[in-house]
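Chains as they are written, first to last, in the numbering used here: chain A, 1 to 312; chain B, 1 to 312.
Here a beta-carbon is modelled for each residue, glycine too, at the ideal position from N, C-alpha and C.
Remember, it's a predicted structure, so these values are computed and weren't measured experimentally.
Beneath this line is the structure, given in structure tokens, with notes to follow.
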């Protein structure tokens with residue numbers, strides 16, 4: 001009888017680990033450093049050692065364990081092969097097989113971290129009860145994860161749900177991190193909002209609290225709450241891009257719900273007031289009545305989703 | 001032992017029907033008129049009668065039959081409920097149940113016609129062997145159908161794959177059939193190409209064979225083949241919109257292949273030369289190496305896909 005499952009979320013600085021019962025209650029969570037040197041060759045052995053140690057400590061046998069799920073910051077295909085994870089120094093390799101060798105007899109599942117976090121929000125977070133869901137993480141960049149009939153949509157090469165790289169502006173002169181120009185991420189992420197703010201301040205003579213202090217997405221949305229006119233214009237522009245981008249996503253996968261997380265989502269549900277107008281204006285009518293909700297699991301979405309992968 | 005399956009494609013003027021063996025070889029195909037009067041109440045009884053007649057004629061018993069699949073020109077959800085089919089006069093009703101009552105003891109499956117046609121191309125057409133595929137029908141409008149892991153992506157309300165209504169132009173003044181402005185369909189469909197041509201002829205003084213005779217997508221691509229400069233500019237504009245739109249689709253679902261069908265696709269693989277540049281420029285790198293292929297089944301894609309729904 002399987003009673004436990006581990007969820008692992010590999011980041012560029014730390015690896016988050018969680019021990020769950022099979023109903024999804026978290027029993028323990030902790031972190032270990034991500035050793036990215038030497039092509040990241042220590043990362044999997046470190047994870048394996050930490051899991052074996054925890055199992056010994058909690059008196060959990062391999063027979064008790066449903067398995068270990070791992071979220072990776074890069075494309076991972078449906079068979080558990082990592083295609084690349086730049087921040088970890090990893091190239092292409094079969095993670096499921098390699099970690100399986102280190103943890104002999106234990107079932108391993110692997111997926112892209114944004115997709116895995118989406119699965120976490122679907123299982124125990126803002127998307128509970130919605131079998132067709134899109135998770136949108138508005139952080140430094142924009143991450144996306146798509147759940148169709150309760151399962152992650154990984155895509156052909158693990159690049160499914162890369163909604164931050166939908167092209168939304170033909171006139172962009174600056175380059176996106178991906179090398180293209182005019183990606184949604186350049187306007188809808190925390191970095192993108194800061195760029196929009198910088199441009200708006202340059203283009204306008206209007207007084208604004210944003211002219212003092214450091215520019216950030218948080219500063220913009222704080223100023224919005226205080227009624228700052230220029231900040232409201234910036235938020236409208238942000239919402240215009242994001243609404244159009246999410247409208248395109250909805251034309252493709254027709255979800256029941258968008259679950260919005262990441263640092264920018266700390267602005268709260270007020271965010272939706274800026275996204276909805278452009279969304280509703282541009283989306284196909286069959287997807288107009290979508291729900292916008294906030295993500296609930298924060299940085300733990302990854303370990304939840306990783307655990308859920310094993311239980312599916 | 002099930003030996004046969006029917007595929008039915010309900011159109012606004014005719015209903016196409018096909019009898020297949022369970023390996024997907026078509027044994028017979030025929031059409032009946034679509035009687036749309038009185039809210040389309042005769043359509044299902046007509047289909048049922050035609051199927052029963054064919055079974056009698058071919059000496060096929062209910063026990064021999066795997067079932068009947070039906071493609072409908074409107075949203076159909078995962079449980080076989082039609083949400084609306086304007087061209088047939090149909091509102092919301094449970095097609096699976098109603099046709100099941102008319103054909104007692106026979107398994108019924110139903111889906112949106114564009115999605116079902118995509119399944120046909122996946123099974124026996126241009127997408128054979130590719131489990132993650134997007135079918136794009138460039139006809140009067142733009143239809144889309146998305147296959148993920150070999151299955152149709154229907155979406156929450158049956159509006160999955162409505163890629164013709166991705167917003168691609170902020171400056172559009174004319175209304176799309178859906179009521180929005182700037183949908184991909186307004187530039188990439190046969191009607192859209194004609195619009196682009198009309199605008200280009202008005203905006204330019206250039207000589208062009210398109211100034212004589214009737215404007216149509218076919219006329220434009222015939223002129224492209226003849227080296228007509230203005231026609232080439234129109235084709236480039238068409239390809240620019242379509243490449244960007246399909247780039248957005250790829251950022252969401254990351255397919256292995258796009259299978260392009262519909263009247264416009266009669267221009268052949270030359271079409272891809274116009275789509276690829278904008279696609280490659282704007283798509284996320286993980287989806288750059290996608291395959292573009294032509295649809296192979298023409299108007300029969302619907303009956304193939306409808307039959308396949310039953311066999312899945």
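In this chain, residue 166 of chain B is not harboured by any alpha helix (DSSP H), its DSSP state being neither H nor E. Taking 8 Å as the threshold, the shortest C-beta distance from residue 253 of chain B to chain A falls below it. Pairing residue 62 of chain B with residue 80 of chain B gives a Cβ-Cβ distance that is not under 8 Å. Within the region 230-252 of chain A, the residues whose Cβ lies closer than 7 Å to any Cβ of chain B are, in chain order, 244, 247, 248, 249, 251 and 252. The beta-carbon of residue 258 of chain A is placed no less than 8 Å from the nearest beta-carbon of chain B. Comparing alpha-carbon positions, the option among A/23, A/24 and A/15 lying closest to residue 45 of chain A turns out to be A/15. Within a 10 Å sphere around the beta-carbon of residue 308 of chain A sit 16 or more other beta-carbons, which makes this residue buried. In this structure, the straight-line span from the alpha carbon of residue 193 of chain A to that of residue 91 of chain B is close to 44 Å. The Cβ atoms of residue 197 of chain A and residue 234 of chain A sit closer than 8 Å to each other. No Cβ of chain A is located within less than 8 Å of the beta carbon of residue 93 of chain B.
In chain order, 148 and 253 make up the part of chain A whose C-beta sits under 7 Å from the C-beta of residue 153 of chain B.
Between residue 284 of chain A and chain B, the shortest Cβ-Cβ separation is below 8 Å.
CA-to-CA, the gap between residue 295 of chain A and residue 32 of chain A works out to about 25 Å. Taking all protein chains in view, the Cβ of residue 30 of chain A is surrounded by fewer than 16 other Cβ atoms within 10 Å, so the residue is classified as exposed. Distance from the Cα of residue 164 of chain A is smallest, within the candidate group A/94, A/6 and A/262, for A/262.
Around residue 228 of chain A, the same chain offers 208 and 209 as residues with beta carbons nearer than 6 Å, after the five sequence neighbours per side are excluded. Note on geometry: alpha-carbon atoms of residue 130 of chain B and residue 280 of chain A lie some 34 Å from one another. If you ignore the 5 residues before and after residue 180 of chain A, its C-beta comes within less than 8 Å of the C-beta of 165 and 167, all in its own chain and listed in chain order. Pairing residue 70 of chain A with residue 112 of chain A gives a Cβ-Cβ distance that is not under 8 Å. Annotation for residue 292 of chain A: no alpha helix (DSSP H) segment contains it, though the beta strand (DSSP E) segment containing it runs 291-294. Sequence-ordered contacts of the region 186-214 of chain A with chain B are nonexistent [C-beta pairs closer than 7 Å]. It is roughly 40 Å from the alpha-carbon of residue 55 of chain B to the alpha-carbon of residue 253 of chain B.
A Cβ-Cβ distance of about 7 Å is found for the pair residue 290 of chain B and residue 256 of chain B, placing them in contact under the 8 Å criterion. Using a Cβ distance threshold of 8 Å, residue 103 of chain B and residue 76 of chain B do not count as a contacting pair. Secondary structure of residue 135 of chain B (DSSP, three-state): strand. Listed along the chain, the chain B residues whose CB falls inside 7 Å of the CB of residue 132 of chain A are 155 and 156. Contact of residue 115 of chain B with chain A is not assigned, every C-beta pair being separated by 8 Å or more. In the three-state DSSP reduction, residue 23 of chain B falls in the coil class, being neither helix nor strand. Spanning the alpha carbons of residue 248 of chain A and residue 152 of chain B requires a straight line of approximately 19 Å.
Residue contact with chain A for residue 159 of chain B: present (Cβ-Cβ distance below 8 Å to some residue of chain A).
Listed as beta-bridge partners of residue 34 of chain A by DSSP are no residues whatsoever. Only buried fits residue 189 of chain B, as 16 or more other CB atoms lie within 10 angstroms of its CB. 160, 161, 162, 163, 164, 165, 166, 167, 168, 170, 178, 179, 180, 181, 182, 183 and 184: these are the residues of the region 160-185 of chain A whose beta carbon lies less than 9 Å from some beta carbon of chain B, given in chain order.
Residues of the region 73-87 of chain B with a Cβ closer than 7 Å to any Cβ of chain A, in chain order: 75. In this structure, residue 74 of chain B places its C-beta atom within 8 Å of the C-beta atom of residue 82 of chain B.
Taken atom to atom, the span from the alpha-carbon of residue 286 of chain A to that of residue 201 of chain B is near 35 Å.
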